[in-house]
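Colleague: Quick one: this structure, given as structure tokens, is what I'll be asking you about.
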Amino acid sequence: MEVVFGGKVEHLRPFLLEERIVDGWVPWNKKRYGITMGAFNVASFKIALRTRKVAPTAPAAAAPISPVDAK
Numbered sequence: 048m049e050v051v052f053g054g055k056v057e058h059l060r061p062f063l064l065e066e067r068i069v070d071g072w073v074p075w076n077k078k079r080y081g082i083t084m085g086a087f088n089v090a091s092f093k094i095a096l097r098t099r100k101v102a103p104t105a106p107a108a109a110a111p112i113s114p115v116d117a118k
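Heads up, the sequence shown is in this note's numbering, so the first residue is 48 and it goes up one at a time.
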């Protein structure tokens, strides 16, 4: 969505919350072939580099759940 909407939150919010495209919206990418897989992967990699990992805070399960025997 970063690649498609160019990081414009005012266009992204109605798309995600109201499931609609803003009136008058035009893609910010004006390249001949649009968004290629290479450009998408580069953008995804840049976002992944800026993302920090946080350790999970949920407690571990006490005992594994065993499957129920069907008889």
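Every residue, glycine too, gets a C-beta built ideally from N, C-alpha and C.
Along the alpha helix (DSSP H) that carries Glu-57, what are the first and last residues, could you check?
Modeller: Position 10 of the sequence shown, counted from the start, is the residue given in the question as residue 57. Note, Glu-57: alpha helix (DSSP H), 56-64.
Colleague: Between Ala-86, His-58, Phe-92, which lies nearest to Lys-78 when the distance is taken from Cα to Cα?
Modeller: Translated into the one-based positions of the sequence shown, residue 78 becomes position 31. It is Ala-86 whose Cα lies nearest to the Cα of Lys-78.
Colleague: Helix, strand or coil: which one does DSSP assign to Ile-94?
Modeller: Counting from one through the sequence shown, the residue named residue 94 turns up at place 47. Looking at Ile-94 - three-state DSSP - the assignment turns out to be helix.
Colleague: Do Lys-55 and Trp-75 have their C-beta atoms closer together than 9 Å?
Modeller: In the sequence shown, counting from the first residue as 1, residue 55 sits at position 8. In the sequence shown, counting from the first residue as 1, residue 75 sits at position 28. Yes, the pair counts as a contact, with Cβ atoms nearer than the cut-off.
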